[in-house]
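Residue numbers (the working numbering): 2 to 163.
Written out below as structure tokens is the structure these notes cover.
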């Protein structure tokens with residue numbers, strides 16, 4: 002696992018792709034694998050906002066059958082993960098499709114390690130079997146400041162694919 006402090010830049014590299022993210026200097030990035038980056042504000046106490054950007058096996062679902070399969074696959078993987086970490090779902094995931102951007106936003110609430118979280122994941126189809134996902138794991142108990150809410154808004158509006 003590699004750690005580095007992004008002291009001066011807002012540009013990051015993921016599998017040769019340059020990403021521009023609106024993160025402040027104190028945010029640390031770790032790369033648990035070559036196809037993902039995880040960011041967190043090291044100056045904050047836990048629980049804290051965690052942001053991940055990773056390569057995703059995603060093709061924008063273009064038919065009702067594709068949508069149904071995508072949602073079933075997502076839910077199956079999420080249930081498997083929750084079982085593996087002894088977590089529990091608090092609500093069904095909510096899906097929002099954007100054909101213009103070839104993206105899907107999913108909001109999912111769950112409990113993990115005695116903490117409640119809201120997870121927002123945005124999948125982007127970037128072209129020719131190339132896709133990225135941006136995930137925010139938001140602790141419901143954290144005291145968020147205005148800048149956190151602005152960052153959340155910026156990240157939900159960001160375009161990862163050119």
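Using N, Cα and C, we set each Cβ at its ideal position, and we do this for glycine too.
For this session: Determine the extent of the beta strand (DSSP E) in which residue 140 is found, giving its start and end residues.
Result: Working through the chain shown from its first residue, we reach residue 140 at position 139. Per DSSP, residue 140 belongs to the beta strand (DSSP E) from 131-140.
For this session: Could you please give the first and the last residue of the uninterrupted beta strand (DSSP E) stretch that includes residue 37?
Result: In the chain shown, residue 37 corresponds to position 36, counting from 1. 37-42 is the extent of the beta strand (DSSP E) around residue 37.
For this session: Give the secondary structure of residue 102 by DSSP, where H, G and I count as helix, E and B as strand, and everything else as coil.
Result: Indexing the chain shown from 1 puts residue 102 at position 101. Look at residue 102 here: in three-state DSSP terms it is coil, with no helix or strand label.
Exercise. Between residue 126 and residue 138, which are expected to be in contact by the criterion C-beta below 8 Å, what is the C-beta distance as a whole number of angstroms?
Worked result: Here residue 126 corresponds to residue number 125 of the chain shown, with the count starting at 1. Here residue 138 corresponds to residue number 137 of the chain shown, with the count starting at 1. Actually they do not touch by this definition, with Cβ atoms about 22 Å apart.
Problem set entry | DSSP three-state assignment for residue 61, whether helix, strand or coil | One-based indexing of the chain shown puts residue 61 at position 60. Coil at residue 61, not helix or strand.
Problem set entry | Proximity winner among 54, 47, 100, 111, relative to residue 61 (alpha-carbon distances) | Here residue 61 corresponds to residue number 60 of the chain shown, with the count starting at 1. For the set 54, 47, 100, 111, the Cα lying nearest the Cα of residue 61 is the one of 100.
Exercise. Based on Cα-Cα distance, which residue from 74, 86, 84 lies nearest to residue 94?
Worked result: For the purposes of this step, residue 94 is taken as residue 93 along the chain shown, with counting starting at 1. Ranking 74, 86, 84 by Cα distance to residue 94 puts 74 first.
Exercise. With a CB to CB cut of under 6 Å and the five nearest residues on each side skipped, what residues in its chain are close to residue 159?
Worked result: Mapped onto the chain shown, residue 159 falls at position 158. Same-chain partners within the cutoff: there are none.
Problem set entry | Nearest-angstrom beta carbon gap, residue 111 and residue 72 [assumed within contact, 8 Å] | Counting from one through the chain shown, the residue named residue 72 turns up at place 71. Counting from one through the chain shown, the residue named residue 111 turns up at place 110. About 16 Å; that fails the 8 Å criterion.
For this session: Give a yes or no on whether the C-beta atoms belonging to residue 124 and residue 105 are separated by under 7 Å.
Result: Here residue 124 is taken as the residue at index 123 of the chain shown, counted from 1. Here residue 105 is taken as the residue at index 104 of the chain shown, counted from 1. Result yes, Cβ atoms of residue 124 and residue 105 sit closer than 7 Å.
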